Every structure is written in C-alpha cells, then in structure tokens.
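Number 1506 in the working numbering belongs to position 189 of the sequence shown; there are no gaps in the numbering.
Positions of the beta carbon are idealized from the N, C-alpha and C atoms, including for glycine.
What you are looking at is a predicted structure, and each value in this text was computed from that prediction instead of being measured.
Here is the structure we will look at, set down as structure tokens.
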Amino acid sequence: MRSVLFISHATPEDNEIAAWLAAKLELHGYSVWVDIKSLDPSSDSWGEMESTIRENTIRFLFVATKHSVLGNRDGIKKELAVADSVRKKVIPNFIVPLRFDDMSFGDFSVEIIRRQAIDFHGDWAEGLIQLLEYLEKHNIEKTIFPSEKIEKTLQRWKDVSTSDKAKVINKTDYYYSNLFPIKLSNYLYIYNNLEIEQILKSKHIPYKKIGNCIATLACSDCIQQFYGSFVPFEKLELYNILKSDISIESFSTLIKQPHNLCVSLINWNIDNLFFRSGLKKYKATINNQSKNRYYFERGYKSKRAEKSRFKSLSGSYRDKFWHYAQSAYYTNFPYEGIIFRAHLLFTDNNNTPISDNRQITARRSKGRLFFNNEWRNMLQAAIYSYAEGKDNIVLNLCCNNNVLIIESRPYTFSSEKGYIEPVNDPIESFTEGHYENEEE
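In structure tokens form, the structure reads like this:
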C-alpha cells in the first residue's frame, strides 16, 4: 500500500531543507523517505530507493532549488525519471514540486514544469501550510509514530542543521554592535535657585538636586525664559567632567563624583526618548534591584531601513504576548556612545505584565528561538523608529539649540572568520511550531 512521501533533493547542498521538511511532515503524522547521506545511484542502495518510489510512494516531493534543477545531478535525474514513470502509469499528480529559492519556474525540468509548484521561497511556514492542505485534500494517509520515532526525527534534523554550521569558516563577517556613537551637548549647568525644580518637573527635564543647587543639561537661556527672570548659574565643560571624576565646587556646594552625575542625567534623557517614542515602562526586580525596561506595545511594527519590510516588535506566544524591550545607558569605553540592551517582556490578555518569575521562565523559552540575526533586526527596527527614518536620533534637552545626537548606525566591526548562523533552534523550532499556535 502506498503511504510514503518521498523527498527528492540535492545532496548535500539542500540537506537542511530536506531534513526540516521531513521532520515537519513526520511530526504531522506522515511516513517520509529522505536520503540525507547521498546514496550512490550506481550502488545496490539505489535499488532500494527505486523500489520505494515505484511501490511505496504516494507523493514524490521534489525540492526545487538551483542546486537540484540546474545542477545536472545524475541521481536526481534518475529519481525524476522513475517518478515520471509512476506519474504516467499510476498516479497522474504523483510529482509535487516545492520551490525553495528564487529560481524561475521556467527553469524547471520537463518532468515537473507542468506540475503546479508549492512556493516555499521567502516563507517556509506558509509553504508548509499549503503542502499540508494539499495532502489533506488528497487524503494522504497518516501514521501515528511512537515517541522514540519522533525523538529520532528531531535528532536527525539537529544533526543535519548543526553539523556544518558549528564550524568556523573563512569568510568576511560584519558584526553590528549595540553601541551607537553619540554627540553630547557642551555643558553641565549648575543653578543656584531651588525654585526652578518645579519648572523642570513640569517640563519633564532631567535634573539633580545637590544642596542648594540644581544640576541639569538644560541651557541658561531656557531656564531664564521658563523662570521669567535671571537665575544665577555656572556652566561646566561636559566632556572634561566625563573624562575624570574629581570633585568640583559650585556656589559653595561640593559636588562629589560629578562624572556619575553627568552620566545619570544623560541616561535619564535616554529614558525620556523611550517615553517620547510611545514605549511603556516595566520595572523589574532583579537581584533585589529595580531595573527599568521599556517595551513596544502589542502589534507595533517598524521598518529597519527605508526600503525594508516592516518588522514586528511584538507577537503572541502560547497564552501570552511577547514584546521587544530595551534599556540604554551612556558609556565611554571602549568608545563613547549609548548602549541599547535588548530584553523580552511578556504580558497577559489584559496587556498587564506577568509576574517576574513567569517573565524569567517565558524569556528563557521564547529567547531560545531568537538568534543573532533576529535580535539585530529588532534592534535596527527600534532605532529606525526612534530616528523616524533619519540618520540620527535627536534628543531635545530643552530647546533646538541644545540637543543630544545619537547616530542611527552602530559601531560596526569585521572579521575574516565567520560561521553560518542557524535559522532557528534545531529542536525548539519544531516543538514550538508543531505544538504551539505561535504568531510572530
């Protein structure tokens, strides 16, 4: 009785595609035959393969890529020839082409050019959905596998997907850091009038109260205008303070650790950036210390560049919703700039953040599904959003003449060594995709 789905592909170039597809289909209950080890068409093993196609296969799934279609492979030619024979004599729609790259449909071989292909290119998940619907429509028989069979299926995919990708290879890789160059304002202002505190509060301008003085990055022209009359002040070179941590005196008030004071004011202005951009604040308690995280609301999307697609910065996950979140702080080592740190935050159906303990568990589970490319793409989308598509993020400290500028492009490094990054975690991607209804 025919019940096997035979996967034909180019070995070893398309092994990962074939292993992924086989595992997905087996997890959905189908019996699959796939050759990962590249059998020699002239060997005795070819007889087994030919027999499987002729006698046991219900559908011949052809992984159509540049490697399999344009590669002039003898093994693939023989498989297609046998499959075409079955198509002509037994099952008219026996061959099902699956397009996995951007090759033209016109390049398909004569055996498959008239067959309607299922397009996986650009979205493997959507292609899989269409294939499963096709199999259901044609009543292709399913088989219930014992748990050990499923474990072997997952292990096969893991072995294929990590065997080559764990190796360091010779290629130029570019590494985008999360450190963004900054141009600071020129001065730290010390005002000898505590009455301006309420004005600064009302205008959400960061400040620090030190004795009888107010320290802020807001310029003297704005303070005089806000207050309505002259306010005694002293301005100090911001860069000079950040280069050392020697105590200074202003208006008979000793300011200890002025470096930390300036860093605190800069970081406070970065927090204001998150608020102005519409992010919501979450205060997590970590190691008995409260840490602010700012997260994008449910459904938020942003481009990463002018011509890029929109990137989701939130989505559903199991019975919760995940949100890309950030914190940020100033540093002058190894280069001066703002470091944007990435976080994941989770809310319930009422848009309320779940408890800290549940946050940790969910973050570990969901975070395993994100690799470097995903984190980089979300970082780029967030920065593009803050900058409103421009080259710089401009933070108005009090007026247009007194600003803090963060470049939209981070410090970038290159290496002559690199590696091929996996698209998803070999095991988690299957269990999450198969058993959970996850939307990203």
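Since I believe residue j is in contact with residue i (beta carbons under 8 Å), could you give me their beta-carbon distance rounded to a whole number of angstroms?
i, j, result
"I1723", "N1713", "Between N1713 and I1723 the Cβ distance is about 13 Å, and since that is not below 8 Å, they are no contact."
"S1325", "F1377", "6 Å"
"S1348", "L1387", "Actually they do not touch by this definition, with Cβ atoms about 30 Å apart."
"I1393", "A1327", "7 Å"
"Y1544", "I1513", "6 Å"
"F1550", "S1537", "5 Å"
"A1679", "K1637", "6 Å"
Short check: CB of residue i to CB of residue j, under 7 Å?
i, j, result
"A1642", "R1681", "no"
"I1507", "A1532", "yes"
"G1616", "T1570", "no"
"V1548", "N1510", "yes"
"V1399", "E1372", "no"
"S1631", "F1613", "yes"
"Y1493", "S1619", "no"
"I1572", "I1565", "yes"
"I1375", "I1457", "yes"
"L1707", "V1485", "Strictly speaking, residue 1707 in this sequence is Lys, with Leu absent from that position. Their beta carbons are not under 7 Å apart, which means K1707 does not touch V1485 by this criterion."
"Y1647", "V1580", "yes"
"R1416", "D1436", "yes"
"T1470", "A1340", "yes"
"F1657", "N1495", "yes"
"V1380", "D1331", "yes"
"P1670", "Y1556", "no"
"F1568", "C1530", "yes"
"C1639", "K1683", "The question names Cys, yet the displayed sequence has Trp at residue 1639. Cβ atoms of W1639 and K1683: closer than 7 Å."
"S1594", "Y1703", "yes"
"L1590", "H1576", "no"
"E1329", "F1497", "The sequence given here places Pro at residue 1329; Glu does not occur at that position. No. Outside cutoff."
Which residue's Cα is closest to the Cα of residue i: the options?
i, options, result
"C1539", "N1694, L1415, K1520, G1632", "K1520"
"G1346", "T1460, N1410, A1400", "T1460"
"A1601", "W1692, N1674, D1352", "N1674"
"G1439", "L1578, S1633, C1530, T1382", "T1382"
"N1690", "K1405, A1645, Y1491", "Y1491"
"L1596", "Y1451, L1582, S1644", "S1644"
"D1424", "E1333, H1384, Q1515", "H1384"
"I1516", "F1497, P1498, Q1542", "Q1542"
"E1453", "N1487, A1699, L1342", "L1342"
"A1442", "S1672, W1337, R1404, N1694", "W1337"
"N1668", "S1633, R1693, H1660", "S1633"
"L1344", "N1487, L1445, H1660, L1578", "L1445"
Let me know if residue i comes out buried or exposed under the rule of 16 or more other beta-carbons within 10 Å of its beta-carbon.
i, result
"C1716", "exposed"
"Q1697", "buried"
"G1364", "exposed"
"M1318", "exposed"
"F1688", "exposed"
"A1267", "Given that the chain is displayed from residue 1318 to residue 1757, the structure contains no residue 1267 and the question cannot be resolved."
"L1732", "Rather than Leu, the amino acid found at residue 1732 in this sequence is Ser. Burial call: exposed."
"H1751", "Legend: pLDDT at H1751 = 38, less than 50; position of this residue unreliable, value from coordinates given subsequently. Classification of H1751: exposed, given that the 10 Å Cβ count is below 16."
"E1396", "buried"
"H1455", "exposed"
"L1721", "buried"
"D1352", "buried"
"Q1472", "exposed"
"I1499", "buried"
"N1719", "buried"
"Q1676", "buried"
"Y1736", "exposed"
"I1583", "buried"
"E1554", "exposed"
"E1450", "exposed"
"E1705", "exposed"
Any 3 or more C-beta pairs closer than 8 Å across the stretch 1644 to 1654 and the stretch 1616 to 1632:
no
Stretch-stretch touch, CB-based, cutoff 8 Å, three pairs: the stretch 1403 to 1418 with the stretch 1430 to 1447:
yes
Do the stretch 1663 to 1671 and the stretch 1484 to 1503 meet, that is, are 3 or more Cβ pairs less than 8 Å apart?
no
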